[in-house]
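For the record, the sequence lines run as chains S and W. Each residue of the first sequence is one higher than the last, beginning at 61 in the working numbering. Each residue of the second sequence is one higher than the last, beginning at 61 in the working numbering. Here the structure comes first, spelled out in structure tokens, and everything after it is commentary.
2 protein chains.
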Amino acid sequence: MTSEALARALNTNPVVVRRLMGGLRKHGYVHSEKGYGGGWTLSCQLDRVTLRDIYEALDAPRLFAIGNRSEKTECLVEEAVNDAMSGVLADVTAQLLARFGQITLAALHADFHQRLAARHAPAMLCK
Amino acid sequence: MTSEALARALNTNPVVVRRLMGGLRKHGYVHSEKGYGGGWTLSCQLDRVTLRDIYEALDAPRLFAIGNRSEKTECLVEEAVNDAMSGVLADVTAQLLARFGQITLAALHADFHQRLAARHAPAMLCK
DNA sequence: CACTCTAGCAACACATGAAGTTACATGAGA
DNA sequence: TCTCATGTAACTTCATGTGTTGCTAGAGTG
């Protein structure tokens, strides 16, 4: 599949797609080929890759909208609050990643197909 | 204490302080008085207010930097991923708030005083 | 060999939201 | 009535993520 086609499907831009896919390629989840007939191909088993793997392949972007605005401070109040918060945030981050680590792409794939079937046979829901 | 003085201590602007303190006032944690001799006064017991209370008084701003970019979508893949993620995010949010709910301002206050003592008697640490 | 199609990449432009700023109104004491 | 303070709206600035353009390089076609 070309970046162009993916971008259309995702309502975004081919360059954005390449940026994201670049991370996935570095980790061997996808493969890309240049030139005529080129594009992206899957190169991993869906049941061996998790949301956590994807997150980390994407360079582990910031998870939280809150947190210390500076690591070092002269202010003892700020220090006390930072310590209290960063302990919680670290624990919660670990939990979140652990949960993401249990969600495989295969599971999402299966979920998608279930939704697809449901959409094509909506009458079943009305019984 | 005036917004002006607080702003200096926090390296910010009096108006920003008023915006934040406004939330705390609405919940009765602080009291403000206008005019000469006015400013902010504490009006709660520090051991009865938690970080979670503060967070909610500040109108519960976004916690996560990740998440659904749109609630409704036509895309079944997006739907599947959103469902998987929002389940995790909801659980993790609950955990985070629970933890914040256990951190009282009194505890932070005590922690601060401990740091203050340590700073004034640093020789103790070298024994 | 020229042409087209594709990814790779850097640099720039735009959008969004948080934080900071200005200006003015209101209320309280001197 | 003057000064000092909060209350608030409107505007500006800044940071970050997203989108866009322009160019390079590689790969197949005719």
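We treat Cβ as the ideally placed atom computed from N, Cα and C, and that holds for glycine. Since we're looking at a predicted model, the values are computed, not measured.
Take the Cβ of residue i as the centre, count every other Cβ of all protein chains shown within 10 Å, and call the residue buried at 16 or more, exposed below.
i: Thr-110 (chain W); result: buried
i: Tyr-89 (chain S); result: buried
i: Ser-63 (chain S); result: buried
i: Asn-142 (chain S); result: buried
i: Ala-69 (chain W); result: exposed
i: Ala-177 (chain W); result: exposed
i: Ala-154 (chain W); result: exposed
i: Val-77 (chain W); result: buried
i: Ala-181 (chain W); result: exposed
i: Ala-117 (chain S); result: buried
i: Ala-65 (chain W); result: exposed
With distance defined between alpha-carbon atoms, name the residue in the options nearest to residue i.
i: Asp-171 (chain S); options: W:Cys-135, W:Val-152, W:Gly-98, W:Ala-154; result: W:Cys-135
i: Ser-103 (chain W); options: W:Ala-69, W:Asn-71, W:Ile-126, W:His-87; result: W:His-87
i: Ala-158 (chain W); options: W:Asp-113, W:Glu-131, W:Glu-138; result: W:Asp-113
i: Gln-162 (chain S); options: S:Val-137, S:Ala-117, S:Ala-140, S:Arg-108; result: S:Arg-108
i: Thr-101 (chain S); options: S:Gly-82, S:Asp-119, S:Ala-117, S:Tyr-115; result: S:Gly-82
i: Lys-94 (chain W); options: W:Met-61, W:Leu-156, W:Ala-140; result: W:Met-61
i: Leu-106 (chain W); options: W:Lys-132, W:Ala-166, W:Gln-155; result: W:Ala-166
i: Asn-44 (chain W); options: S:His-173, S:Phe-160, S:Glu-138, S:Val-77; result: Missing from the structure shown is residue 44 (chain W); chain W here goes from 61 to 187 and no further.
i: Ile-126 (chain W); options: S:Val-75, S:Leu-84, S:Gly-147, S:Tyr-115; result: S:Tyr-115
i: Leu-80 (chain W); options: W:Gly-98, W:Ala-120, W:Leu-156; result: W:Ala-120
i: Met-145 (chain W); options: S:Tyr-96, S:Ala-140, S:His-180, S:Leu-168; result: S:Leu-168
i: Asp-151 (chain S); options: S:Phe-124, S:Ala-67, S:Gly-99, S:Thr-164; result: S:Phe-124
i: Gln-174 (chain W); options: S:Gly-147, S:Phe-160, S:Ala-140; result: S:Ala-140
i: Leu-149 (chain W); options: W:Lys-132, W:Val-75, W:Asn-128; result: W:Asn-128
i: Phe-160 (chain W); options: S:Phe-160, S:Gly-147, S:Leu-84; result: S:Gly-147
i: Leu-156 (chain S); options: S:Val-75, S:Gly-99, S:Arg-122; result: S:Arg-122
i: Pro-74 (chain S); options: S:His-91, S:Gly-99, S:Arg-85, S:Leu-84; result: S:Gly-99
Give the secondary structure of residue i by DSSP, where H, G and I count as helix, E and B as strand, and everything else as coil.
i: Thr-110 (chain S); result: strand
i: Leu-102 (chain W); result: strand
i: His-87 (chain W); result: coil
i: Glu-219 (chain W); result: Outside the displayed range of chain W (61 to 187) lies residue 219 (chain W), so it cannot be described from this structure.
i: Thr-153 (chain W); result: helix
i: Leu-32 (chain W); result: Within the shown structure, residues of chain W are numbered from 61 to 187, placing residue 32 (chain W) beyond reach of any answer.
i: Glu-138 (chain S); result: helix
i: Leu-118 (chain W); result: coil
i: Ser-146 (chain S); result: helix
i: Lys-187 (chain S); result: Reliability fails at Lys-187 (chain S), whose pLDDT of 42 lies under 50, so the model's placement of it is uncertain and no value is given.
i: Ser-130 (chain W); result: coil
i: Ala-170 (chain W); result: helix
i: Met-81 (chain W); result: helix
i: Ala-181 (chain S); result: coil
In terms of DSSP beta bridges, what is residue i paired with?
i: Thr-164 (chain S); result: S:Thr-110
i: Phe-124 (chain W); result: S:Phe-124
When you measure from the CB of residue i to every non-hydrogen atom of the ligand PLP, does any distance come out below 6 Å?
i: Gly-99 (chain S); result: This structure lacks the ligand PLP, and indeed carries no ligand of any kind.
Residues in the segment 152-163 of chain W having any Cβ partner in chain S nearer than 7 Å: Val-152, Gln-155, Leu-156, Arg-159, Phe-160, Ile-163
Which residues, in order along the segment 136-148 of chain W, keep a beta-carbon less than 8 Å from a beta-carbon of chain S? Leu-136, Val-137, Glu-139, Ala-140, Val-141, Asp-143, Ala-144, Met-145, Val-148
Short-range partners of chain W found in the segment 63-94 of chain S, where Cβ spacing is below 7 Å: none
Can you give me, in chain order, the residues of the segment 94-126 of chain S that have a beta carbon less than 9 Å from any beta carbon in chain W? Leu-111, Tyr-115, Pro-121, Arg-122, Leu-123, Phe-124, Ala-125, Ile-126
Taking a Cβ distance cut-off of 7 Å, strictly less, list which residues of the segment 165-178 of chain S are near chain W, in chain order. Leu-168, Asp-171, Phe-172, Arg-175, Leu-176
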